[in-house]
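Undergrad:
Numbering (our numbering), first residue to last: 23 to 448.
1. Can you check whether the CB of residue 420 is closer than 8 angstroms to the CB of residue 185?
2. With distance defined between alpha-carbon atoms, name the residue in 41, 302, 292 and 53 nearest to residue 31.
3. Report the residue from 361, 231, 373 and 60 whose alpha carbon sits nearest the alpha carbon of residue 316.
4. Do you know offhand how far residue 205's Cα is from residue 65's?
5. Does DSSP put residue 349 in a helix, in a strand, or in coil?
6. Comparing C-alpha positions only, which one of 112, 133 and 132 sits nearest to residue 123?
7. Determine whether the beta carbon atoms of residue 182 and residue 416 lie at a separation below 8 angstroms.
8. In the DSSP output, what is residue 207 paired with across the bridge?
9. Leaving out five residues before and five after residue 276 in sequence, what residues of the same chain have Cβ atoms less than 8 angstroms from its Cβ?
10. Output the distance between the C-alpha atoms of residue 404 and residue 49, rounded to the nearest integer angstrom.
11. Alpha carbon to alpha carbon, what distance is there between residue 129 and residue 242?
12. Which residue comes first and which comes last in the alpha helix (DSSP H) that contains residue 111?
13. Using DSSP with H/G/I as helix, E/B as strand and the rest coil, what is residue 121?
14. Taking Cβ positions, are residue 267 and residue 77 nearer each other than 8 angstroms?
15. Taking its Cβ as the centre, do 16 or more other Cβ atoms sit within 10 Å of residue 336, making it buried, or is it exposed?
16. Assign residue 8 to one of three DSSP states: helix, strand, or coil.
17. Counting Cβ pairs, one atom from each stretch, are 3 or more of them under 8 angstroms apart for the stretch 310-328 and the stretch 234-253?
18. Using alpha carbons as the reference points, say which of 293, 390 and 376 lies closest to residue 333.
19. Can you find the residues in the same chain that come closer than 7 angstroms, C-beta to C-beta, to residue 343, ignoring five residues on each side of it along the sequence?
20. Please classify residue 313: does DSSP put it in a helix, a strand, or coil?
21. For residue 392 versus residue 269, is the C-beta distance shorter than 8 angstroms?
22. Can you give me the Cβ contacts of residue 161 inside the same chain, cut-off strictly under 8 angstroms, excluding the 5 residues immediately before and after it?
23. Should residue 247 be labelled buried (16 or more other beta-carbon atoms within 10 Å of its own) or exposed?
24. What is the rounded straight-line gap between the Cα of residue 115 and the Cα of residue 434?
25. Whole angstroms are fine: how far does the CA of residue 406 sit from the CA of residue 425?
26. The beta strand (DSSP E) with residue 5 in it runs from where to where?
27. Helix, strand or coil for residue 146, going by three-state DSSP, please let me know.
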């Protein structure tokens, strides 16, 4: 290559793009809008303690991307086993336990991922790569149909290859792309609530009374689906966290540490939102749908709207919210009045169906918190068979933010394949 490639974003896709370039002797330049993982963790803790959100350093933005503050699941439905194995091997090389290479459902908790992404950063820098934090791309330098470079912190940076690995929540960057005429399209996603139970109750539900406390069985997981509603991002022994990235826009997620030894287990319970539900043909309409839900849920600072599950099903406001893991507090709310009606009715129908098979799950020991909105990108950045933007030569969208991948492993694989396509490697 005639110059150093630029990588925008340092989540799973950005990291593996950088590692792949380095594997072929090419030293990339990375721009990450957020902070190093150590500083990012401090900002998130401050947010949980004081309710002060840093829009550039939170559960969405910063070194490691959104996946660092999740359950760290490495499972994927993609079939390219060679690429998946490469991703898992790379994590092991940088400090992950060797067992992730052969476990059926490998995962890395936030504690392990934080150390791993730091090790990957140090490897990239020691190998000649450059990583710039607190470096948000604020403009694109475009000539005709070619992207020549980017503007970062008032400085121009030029390259003939720009990897766009921005994640699913970089709403301002999506707007920049739209303003620059980059081809975007609406993409379906899913929204709903987070549900939480005592971890011991989920163990009893899944393992039965005889084995619920068996020392060789880890915290129990579940995967439920009914009538277009499904569980997502299940975090056994985890906690519910605030995943906001914009002031006044409430968003929740779940995370676990590697031992998954917390008191509670939580998951998203979501229903699909199709492009017909957006009410507009604008490619940004899905983001606006998210924002409206999140703004409505921001009712008392960063406290989360909450309702005990049985009260939700009975249509009554909870007199007292049962204990849960969310650190910023809750406000008793009638969630059916805050959710879109078509989502609320689907969730209620699914819970009633599950009640027959899983009475412990649909019980007085479950609580719902709102909202779960960041399941996947609501936008797809259109690209061609060569993995380039259909609008700007030299721009390569990858990972979750591209709309072509979802989750840590598939985002990493997407980035590896894109770099190989750029370099003409088959």
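Even glycine gets a Cβ: it sits at the ideal position worked out from N, Cα and C.
TA: Checking against the coordinates, here is how it stands:
1. yes
2. Residue 31 has its Cα closest to that of 53, out of 41, 302, 292 and 53.
3. Per the Cα distances, 361.
4. Going by C-alpha positions, residue 205 is about 34 angstroms away from residue 65.
5. coil
6. 112
7. yes
8. 402
9. 92, 93, 216, 255, 256, 257, 260, 261, 262, 263, 288, 289 and 290
10. 27 angstroms
11. 14 angstroms
12. 103-115
13. helix
14. Against a cut-off of 8 angstroms, the Cβ pair of residue 77 and residue 267 comes out as a contact.
15. Exposed, by the Cβ-count rule.
16. No information on residue 8 is available, as it lies outside the stretch 23 to 448 that the chain covers here.
17. no
18. For the options 293, 390 and 376, the alpha carbon positioned closest to that of residue 333 is the one of 390.
19. 328, 330, 352, 354 and 389
20. helix
21. In this structure, residue 269 does not lie closer than 8 angstroms to residue 392 by Cβ.
22. 172, 173 and 198
23. Here residue 247 is exposed: its Cβ has fewer than 16 other Cβ atoms, across all protein chains shown, within 10 Å.
24. 15 angstroms
25. When rounded, the distance between both Cα atoms is 13 angstroms.
26. With the chain covering 23 to 448 only, the question about residue 5 has no answer from this structure.
27. helix
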